[in-house]
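Okay, structure first, notes after.
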Amino acid sequence: MQLPADLDKRFWQQMSEYEQEKQMRYITSVERMALQEGRQEGRQEGLQEGRQEGLQLALLHLLQHRFGTVSEAVRLNLQALNAQQLDALFDVVLTANTISEFVASLPPVPSDESSAQN
Numbered sequence: 000m001q002l003p004a005d006l007d008k009r010f011w012q013q014m015s016e017y018e019q020e021k022q023m024r025y026i027t028s029v030e031r032m033a034l035q036e037g038r039q040e041g042r043q044e045g046l047q048e049g050r051q052e053g054l055q056l057a058l059l060h061l062l063q064h065r066f067g068t069v070s071e072a073v074r075l076n077l078q079a080l081n082a083q084q085l086d087a088l089f090d091v092v093l094t095a096n097t098i099s100e101f102v103a104s105l106p107p108v109p110s111d112e113s114s115a116q117n
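Just so we're aligned: 98 in numbering that gives the first Met the number 0 is position 99 of the sequence shown, and the numbers increase by one with no gaps anywhere.
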């Protein structure tokens, strides 16, 4: 909406005074949309991270129940996997006869050198 010049000037002066009074910063609609999108992305990332952590914990619990103590190396390997890889390991943990058999079926963990190149 376009205001006449004198009303427009008065409006912005009053808006400026109000913002200073309330110590507010004006957020444009584009900034507001970007903020909402950022919050949504953050929620999605949090859900994904929570799901992965839950899968890791469930696998560790099953491994401990079936085979006893789980080595730190296996724990670290599980932490490096994504949710899809973790999902696939549930069948393996239920059918493996030994912890060694389970470990042999783990996907390779990318080395620091190969991940640094990507």
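Virtual Cβ for every residue (Gly too), placed ideally from N, Cα, C. Please read these numbers as outputs of a predicted model, since none were measured by experiment.
Residue j beta carbon less than 9 Å from that of residue i
{"i": "phenylalanine 66", "j": "phenylalanine 89", "result": "no"}
{"i": "leucine 62", "j": "leucine 105", "result": "no"}
Among the options, nearest to residue i - alpha-carbon criterion
{"i": "valine 92", "options": "His60, Ala79, Ala72, Gln83", "result": "His60"}
{"i": "leucine 85", "options": "Gln47, Phe10, Pro3", "result": "Gln47"}
{"i": "glutamine 83", "options": "His64, Arg50, Leu75", "result": "Arg50"}
{"i": "proline 107", "options": "Ala72, Arg42, Asn96, Gln12", "result": "Ala72"}
{"i": "leucine 80", "options": "Ala103, Glu16, Glu52", "result": "Glu52"}
{"i": "histidine 64", "options": "Glu40, Pro3, Ala95", "result": "Ala95"}
Cut-off 6 Å between Cβ atoms - residues of its own chain near residue i, not counting five sequence neighbours on either side
{"i": "glutamine 116", "result": "Low per-residue confidence applies at glutamine 116: pLDDT is 47, beneath 50, and the placement is therefore not dependable, though the value from the model is reported in the following sentence. Excluding sequence neighbours, glutamine 116 sits near nothing in its chain."}
{"i": "isoleucine 98", "result": "Phe66"}
Cβ neighbours of residue i in the same chain (closer than 8 Å, five flanking residues each side left out)
{"i": "alanine 119", "result": "Lying outside 0 to 117, the shown extent of the chain, residue 119 is not represented and no answer is given."}
{"i": "leucine 2", "result": "Phe10"}
My parser needs the alpha helix (DSSP H) runs of 4 or more residues fully inside the stretch 4-55; what are they? 4-21
When the Cβ atoms of the stretch 49-58 are set against those of the stretch 28-38, are three or more pairs found closer than 8 Å? no
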